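Trainee: Our numbering puts the first residue of the sequence shown at 1, with every later residue one more than the last.
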Amino acid sequence: MEYGFVVPVYNHGAALEGVVKNLSAHNLPIIIVDDGNDQKNRSQILDVVNRYPLCTLVSLEKNSGKGIAMKHGLLKANEMGLSYILQVDSDGQHDASRIAHFIEASKNNPGALICGYPEYDESVPKKRLNGRKIANSWIHIVTLSRSIKDALIGFRVYPVKPYINIINHHIYIDSRMGYDTDILVHLFWAGCPVISEPVKVFYPEDGISNFRMVRDNIRISLTYARLCLGMIIRIPILLIRKIKR
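1. Between which two residues does the alpha helix (DSSP H) harbouring G67 extend?
2. Kindly provide the ranges of any beta strand (DSSP E) runs that are 3 or more residues long and lie completely inside the segment 100 to 126, ordered along the chain.
3. DSSP three-state call for S97: helix, strand or coil?
4. What's the C-alpha gap between D180 and C192?
5. Could you check how far apart the C-beta atoms of K242 and L144 are, in whole angstroms? I think they sit under 8 Å.
6. Where do the N-terminal and C-terminal ends of the alpha helix (DSSP H) with G13 fall, by residue?
7. For the segment 149 to 213, list the alpha helix (DSSP H) runs that are entirely contained and at least 4 residues long, ordered along the chain.
8. Under 8 Å, do I167 and K76 count as touching if we go by C-beta distance?
9. How big is the Cα-Cα spacing for N27 and L184?
10. Give a yes or no on whether the C-beta atoms belonging to Y117 and D91 are separated by under 8 Å.
11. What would DSSP say about G36, mapped onto helix, strand or coil?
12. State the beta-bridge partners of G4 as determined by DSSP.
13. May I ask you to verify whether the segment 30 to 49 touches the segment 6 to 16, counting CB pairs closer than 8 Å and requiring at least 3?
What follows is the structure, encoded as structure tokens:
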């Protein structure tokens, strides 16, 4: 099993080196996806890629959203012969010391998606925390399962082949803030086991967030509405799986 990392980057060029430095300690390929950044961020990304030999750069001409960035990152991982990738957000909010544990959990559970769930400190904005609780209550409905503890976190080990299969079947996956939930549910529906593991999440005071409260909560809500419709036609299959478990 070959492992690597995919890091989608938008507006976090300044934070990228700290993330890549932590990833480089594991001596695994690092795929950086420049999601149509402005010239300042693009220059910062290129500087990091040029100084860290484990990095491979995938560049998108315009900002297309996290879902499209991850799609291109996974296609590159498949091209490179990687079997599993750990998705890591470029803002540096996730506890890098958990990387080895997540990879080990993946090796012990072949074919599974290892999905983080956040352990917050006092820096978490209350609005984000409350909104997340609501979003995560819906994940149990659309999967008829409680195995997924968080639907929004960007710290996960994906098996590459099942992910590519979803892309090849032209299944619609939200390209922006609904992406993390959408791809997770579709992989679960496709029969990919999901194992939840904790990871600490920090919100630095000077951190840059791409999340827009009203716009992105509407987008996530629409994603769940679409997934609820998809869940209805899958109820027999999901119930059979639940009974077998």
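Glycine is no exception: its CB is placed at the ideal position from the N, C-alpha and C atoms.
Computed from a predicted model, the values in this text were never measured in an experiment.
Mentor: Considering the structure as presented:
1. For G67, the enclosing alpha helix (DSSP H) stretches over residues 66 to 79.
2. Whole beta strand (DSSP E) segments, 3+ residues: 113 to 120.
3. When DSSP states are grouped into helix, strand and coil, S97 belongs to the helix group.
4. Roughly 15 Å separates the two Cα atoms.
5. Cβ-Cβ separation between K242 and L144: approximately 6 Å, consistent with a contact (criterion under 8 Å).
6. 13 to 24 is the span of the alpha helix (DSSP H), which, as asked, contains G13.
7. List check, alpha helix (DSSP H) in window: 160 to 168, 179 to 189.
8. 8 Å or more divides the Cβ of I167 from the Cβ of K76.
9. If you draw a straight line from the Cα of N27 to the Cα of L184, it comes to about 27 Å.
10. Result no, Cβ atoms of Y117 and D91 do not sit closer than 8 Å.
11. In the structure shown, G36 sits in coil (DSSP, three-state: anything other than H, G, I, E or B).
12. In the DSSP secondary-structure assignment, G4 is bridged to I85.
13. A contact exists between the segment 30 to 49 and the segment 6 to 16.
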